[in-house]
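Residue numbers (the working numbering): 39 to 331.
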């Protein structure tokens with residue numbers, strides 16, 4: 039049984055992670071700003087505080103020691119540096135949720151070696167000063183330079199699920215069902231995905247195993263955007279109205295200029311068994327289509 043702190047654990051795969059940790063019998067603490075309810079009740083300790091406020095975060099965890107901390111809501115080098123200042127010497131391990139966006143979308147399969155945070159030039163700043171991908175690159179670089187505890191950077195592709203609050207896959211299903219246009223740049227671009235429940239399982243595994251360094255975590259396989267839209271057409275019974283003209287109002291959240299996918303061989307070689315993308319993608323689309331408003 040371990041003492042575990044989860045930053046960003048009340049929705050989507052963060053919530054699923056907390057449920058897994060509770061089921062395993064760990065002592066789980068979550069920290070939120072208090073803007074949403076605690077879905078776990080008295081099964082967890084709930085700290086209300088602002089992850090982005092270094093002074094407040096420091097006070098909230100003063101005198102506390104955690105075996106594992108999961109940080110799902112760090113988006114900048116400043117946030118990562120503050121974390122290191124607060125938690126150095128006080129935690130056994132950090133599992134940091136990173137992203138496929140640390141890699142360029144250049145049509146090539148990405149392995150962990152394609153972005154090396156250990157020698158990346160650090161530029162300090164807040165979240166709004168960087169793109170999403172650059173903010174995560176900088177955060178990884180800061181953690182690996184300043185942390186005095188082991189760090190696992192989990193690089194996820196787009197995470198899918200019925201309860202995805204970003205509703206990115208939902209966007210496609212709803213627009214096709216309602217005969218509305220969707221904009222793409224390159225329909226033959228291929229992408230990686232992972233389902234939310236699998237993302238939670240991977241985070242749990244990354245925390246409990248003797249791991250350190252960056253790890254890609256993605257379902258086996260990839261799919262082209264044209265193949266993805268064929269699934270959407272199948273489950274909605276409608277033909278997609280595809281536009282290849284860039285228009286922000288109709289643009290797909292998956293509109294990328296070239297293929298953008300990763301290999302999961304490093305994690306597989308350490309023993310994690312991933313699902314197959316094509317086993318669950320259509321069933322997920324069916325569930326979303328059946329529950330659309």
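C-beta: ideal position from N, C-alpha, C; glycine also.
### Query
Do the CB positions of residue 58 and residue 239 come within less than 8 angstroms of each other?
Against the chain shown, residue 58 aligns to sequence position 20. Against the chain shown, residue 239 aligns to sequence position 201. Cβ distance < 8 angstroms, so residue 58 and residue 239 count as in contact.
### Query
Where does residue 161 land, buried or exposed, given buried means 16+ other C-beta within 10 angstroms?
Walking along the chain shown from the start, residue 161 turns up at place 123. Classification of residue 161: exposed, given that the 10 Å Cβ count is below 16.
### Task
Just the C-alpha distance for residue 180 and residue 278, rounded to the nearest angstrom, thanks.
As a position in the chain shown, residue 180 is number 142, starting the count at 1. As a position in the chain shown, residue 278 is number 240, starting the count at 1. So the two alpha carbons sit approximately 44 angstroms from each other.
### Message
Excluding the 5 residues flanking residue 154 on each side, which residues of the same chain have their C-beta closer than 7 angstroms to its C-beta?
### Response
By one-based count along the chain shown, residue 154 stands at place 116. Cβ contact annotation for residue 154 (same chain, cutoff 7 angstroms, sequence separation greater than five): none.
### Own chain partners of residue 331 with C-beta closer than 6 angstroms, once the 5 adjacent residues on each side are dropped
Counting from one through the chain shown, the residue named residue 331 turns up at place 293. Model confidence at residue 331 stands at a pLDDT of 47, short of 50, so the residue's coordinates are unreliable; what they give is reported in the following sentence. For residue 331, where only same-chain residues beyond five positions count, there are no Cβ hits under 6 angstroms.
### Message
When you compare the CB positions of residue 55 and residue 107, do they come within less than 8 angstroms of one another, or not?
### Response
For the purposes of this step, residue 55 is taken as the residue at position 17 of the chain shown. For the purposes of this step, residue 107 is taken as the residue at position 69 of the chain shown. No, they are not a contact pair.
### Query
Taking the alpha-carbon positions, what's the residue 214 to residue 184 distance?
On the chain shown, residue 214 is found 176 positions in, with the first residue counted as 1. On the chain shown, residue 184 is found 146 positions in, with the first residue counted as 1. Put simply, the backbone Cα of residue 214 is about 47 angstroms away from that of residue 184.
### Task
To the nearest angstrom, report how far apart residue 245 and residue 259 are at their CA atoms.
As a first step, residue 245 is located in the chain shown; it is residue number 207 there, counting from the start. As a first step, residue 259 is located in the chain shown; it is residue number 221 there, counting from the start. One C-alpha to the other measures close to 25 angstroms.
### Task
Round the Cβ separation of residue 323 and residue 269 to the nearest angstrom and send it over; I've been treating them as touching at under 8 angstroms.
Numbered from its first residue, the chain shown carries residue 323 at position 285. Numbered from its first residue, the chain shown carries residue 269 at position 231. The pair is a contact, with the Cβ atoms about 5 angstroms apart (cut-off 8 angstroms).
### Message
Taking 6 angstroms as the limit between beta carbons, can you name the residues of its chain near residue 191, skipping five residues before and five after?
### Response
Taking the chain shown and counting its residues from 1, the one referred to as residue 191 is at position 153. Within the same chain, 134, 136, 178, 252 come within 6 angstroms of residue 191 by CB-CB distance, once the 5 residues on both sides are set aside.
### Task
Go ahead and pull the three-state DSSP assignment for residue 130.
Mapped onto the chain shown, residue 130 falls at position 92. Coil at residue 130, not helix or strand.
### Query
Is the Cβ of residue 220 closer than 8 angstroms to any Cβ of chain B?
No chain B is present in this structure, which holds just one protein chain.
### Query
Between the Cα of residue 254 and the Cα atoms of 75, 302, 310, 308, which residue gives the shortest distance?
Indexing the chain shown from 1 puts residue 254 at position 216. Out of 75, 302, 310, 308, 302 has the C-alpha closest to the C-alpha of residue 254.
### Option nearest residue 67 by Cα separation, candidates 73, 83, 131, 75
Position 29 of the chain shown, counted from the start, is the residue given in the question as residue 67. It is 83.
### Query
For residue 314, does the three-state DSSP call read helix, strand or coil?
Sequence index remark: in the chain shown, residue 314 carries index 276 (1-based). DSSP places residue 314 in strand when its eight states are reduced to three.
### Message
Assuming residue 114 and residue 168 are in contact, meaning their beta carbons sit under 8 angstroms apart, how far apart are those beta carbons, in whole angstroms?
### Response
For this step, residue 114 is matched to residue 76 along the chain shown. For this step, residue 168 is matched to residue 130 along the chain shown. So it is a contact: roughly 6 angstroms between Cβ atoms.
### Task
Quick one: grab the DSSP three-state call for residue 215.
Counting from one through the chain shown, the residue named residue 215 turns up at place 177. Helix.
### Cβ neighbour criterion (16 or more within 10 Å) applied to residue 69
Counting from one through the chain shown, the residue named residue 69 turns up at place 31. So residue 69 counts as buried.
### Message
Taking the straight line between their C-alpha atoms, what separation do you get for residue 300 and residue 256?
### Response
Residue mapping note: residue 300 aligns to position 262 of the chain shown, counting from 1. Residue mapping note: residue 256 aligns to position 218 of the chain shown, counting from 1. Taking the straight line joining both Cα atoms gives about 7 angstroms.
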